[in-house]
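Those sequence lines, one after another, are chains A and B.
So in my numbering the end of the first sequence lands on 110, straight run, no missing numbers.
So in my numbering the end of the second sequence lands on 1110, straight run, no missing numbers.
To keep things clear, I will list the structure first and then write my remarks on it.
2 protein chains.
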Amino acid sequence: MSNMGYPGHMELHEPELRDVPVTTVLAALADDVRLQIVRALAEGGEYACGTFEFGVSKATRSHHLKVLREAGLTRTRVAGTSRYVRLRRDELDRLYPGLLDAVLTAPAGA
Amino acid sequence: MSNMGYPGHMELHEPELRDVPVTTVLAALADDVRLQIVRALAEGGEYACGTFEFGVSKATRSHHLKVLREAGLTRTRVAGTSRYVRLRRDELDRLYPGLLDAVLTAPAGA
DNA sequence: ACCCATGTTCGACATCCGTCGAACAACCTC
DNA sequence: GAGGTTGTTCGACGGATGTCGAACATGGGT
């Protein structure tokens, strides 16, 4: 790519949900840590990345948030040194009606 | 368990859906081959294992069917040397309403 | 300017997962 | 019972994935 020299913020890679394979969406949700993040995000509103302390290092947390973002599940707003994440619930519910609710209302335990 | 010496057919391991972690169910669906199988099964009725010719060896097919069965998604009836598989749609729709429909009606392409 | 706080990226590592061929098991038919 | 059909199990192998610490990048505060 040729747009390397841009000094300021580079845009985050947030694909159109319809361009993401279903298997990618499902795989993104098929992880305990990421599911905890999604559950927290489902409360609504924005959360700074640092909000999610689920017993993993910040490197791992960053990795999981990247997976969610690139699966089209979250949107990220950059503000200073922080990043605020929110669920793309509307688009999700439109393209996969029932999916998110089914996952969220699921029995959390084994 | 003590029912080991039974000579004939041994029962297949088919867990209660509520005992299966959501992540296991989602992971089972997050694979192209298995999704094709589920789509075929969603037509209704029973299908012999050999029905599913999706460009993988029979060892691989057997593996995928095992994953689906142990995730609580399918039920298997043994008849002679064949095994007939069907979707546990009712239970699935009851425990995860909307999940299956969302996945099935999803755009198949990338 | 310096330091600190917030996140990302980079190896590295271990584990899991999909895939296959080959061997095995069960059953049916002739 | 010999052979064929159907399906499972057993290594083995390669690629993907979750995890971490350390280094890096960026922006805010004093």
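Glycine included, each C-beta is placed from N, C-alpha and C at the ideal position.
Keep in mind the model is a prediction, meaning the values are calculated, not measured.
Item	Value
Contact residues within the region 23 to 38 of chain A, judged by C-beta distance below 7 Å to chain B	T23, L26, A27, L29, A30, D31, D32, L35
The region 35 to 54 of chain A touching the region 1045 to 1064 of chain B, judged by at least three CB pairs closer than 8 Å	no
6 Å CB neighbourhood of Y1047/B in its chain, flanking five on each side removed	V1085
Residues of its chain near I37/A, where Cβ-Cβ distance is below 6 Å and the 5 sequence neighbours each way are ignored	F52
Own chain partners of P7/A with C-beta closer than 6 Å, once the 5 adjacent residues on each side are dropped	No answer about P7/A holds up, because its pLDDT of 40 lies below 50 and its placement is not dependable.
Under 7 Å from the C-beta of V1056/B: neighbouring residues of chain A	Residues of chain A passing the Cβ test: none, with the nearest at roughly 15 Å.
Reference Y1096/B, options D19/A, P107/A, G80/A, L95/A, closest by Cα	P107/A
Short CB-CB distance (under 8 Å) between A1106/B and chain A	yes
Cross-strand partners of S82/A (DSSP beta bridge)	A79/A
Same chain only: Cβ atoms within 8 Å of L1035/B, ignoring 5 sequence neighbours per side	L1029, V1103
8 Å contact criterion, which E14/A and R83/A should meet: CB distance rounded	That belief does not hold up - the Cβ atoms of E14/A and R83/A are roughly 12 Å apart, past 8 Å.
Cβ-Cβ distance between D32/A and T1023/B below 8 Å	yes
Euclidean distance between Cα positions of G1045/B and L1026/B	23 Å
Contacting positions in the region 79 to 103 of chain A - beta carbon closer than 8 Å to chain B	L95, Y96, P97, G98, L99, D101, A102, V103
CB contact below 8 Å: R1061/B versus chain A	no
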